Amino acid sequence: MTPALSPDAPEPVRRAHWADVRASIEALLEGEDDWVAAMATVVAELHHAFEAWHWTGFYRAVSDDLLVIGPYQGGHGCLRIPFDRGVCGAAARTGRTQDVPDVDRFPDHIACAASTRSELVVPVLRPDGRVLAVLDVDSDQEAAFHPIDREQLESLCALLGHRFRALATP
Ligand code: SME
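Numbered according to the working numbering, the sequence shown spans residues 132 to 301.
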């Protein structure tokens, strides 16, 4: 496990931290072709690597309009999210990252935990553009996510989408 980063870490420290986290994830996933094992491992590594992250998990696309919860860490998440609901649904529907610095200003945010103040949701897309899953990271601090976090999570999700491109998708 990479030790948790303080929310106020300066940018160079955050970048170096991400290099460690990414190296750790790549080492852990080396040769692994099981999707559940990969999601669970990514979530465990990410969740413990950032002090400000209180919920970290995947929602899997099980049809062309429904997400079902996958491996996660933190309190209970909502089990099912249609593509037309919430921040996760928006990421799945549009195939684009949703960066929500203040959930109170996002219409239709689904409050699984009342303490959530900000969220970053990144789609895991296969190279052909179909959505496999979304990675949802929540914080009880407002605007908790730095542009470096977004860049790194997008890069990680691109890696996963490529690695698991052969999975059957709806
Ligand atoms: N907040 C999300 C729902 C998932 S939970 O927070 C774990 C959303 O609006 O999509």
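Note that CB positions come from ideal geometry on N, CA and C, so glycine has one too.
Predicted model, so just to flag it, every value in this text is computed and none were measured.
Considering Ala192, what are the terminal residues of the beta strand (DSSP E) in which it resides?
Stepping through the sequence shown from its first residue, residue 192 is reached at position 61. 184–194 is the extent of the beta strand (DSSP E) around Ala192.
Sequence-distant residues of the same chain with beta carbon closer than 6 Å to Ala222, five excluded per side
For the purposes of this step, residue 222 is taken as residue 91 along the sequence shown, with counting starting at 1. The answer, listed in chain order, is Gln229, Val252, Pro254, Val265.
Cα-Cα separation between Val173 and Phe295, rounded to whole angstroms
Within the sequence shown, numbered from 1, the residue matching residue 173 stands at position 42. Within the sequence shown, numbered from 1, the residue matching residue 295 stands at position 164. Approximately 14 Å between the Cα atoms of the pair.
Taking 7 Å as the line, does the beta carbon of Thr187 fall inside it for any heavy atom of the ligand SME?
The sequence position of residue 187 within the sequence shown is 56, counting from 1. Not so, every heavy atom of the ligand SME lies at least 7 Å from the Cβ.
Verify the contact flag: Gly226, CB atom, against every heavy atom of the ligand SME, threshold strictly below 7 Å.
Here residue 226 corresponds to residue number 95 of the sequence shown, with the count starting at 1. Gly226: no, Cβ never under 7 Å from the ligand SME.
Glu182 and Ile156 - do their beta-carbons sit closer together than 8 Å?
In the sequence shown, the residue the question calls residue 156 occupies position 25. In the sequence shown, the residue the question calls residue 182 occupies position 51. Contact: no.
Rounded to a whole number of angstroms, what is the C-alpha to C-alpha distance between Ala154 and Ser137?
Mapped onto the sequence shown, residue 154 falls at position 23. Mapped onto the sequence shown, residue 137 falls at position 6. Those two C-alpha atoms are separated by around 19 Å.
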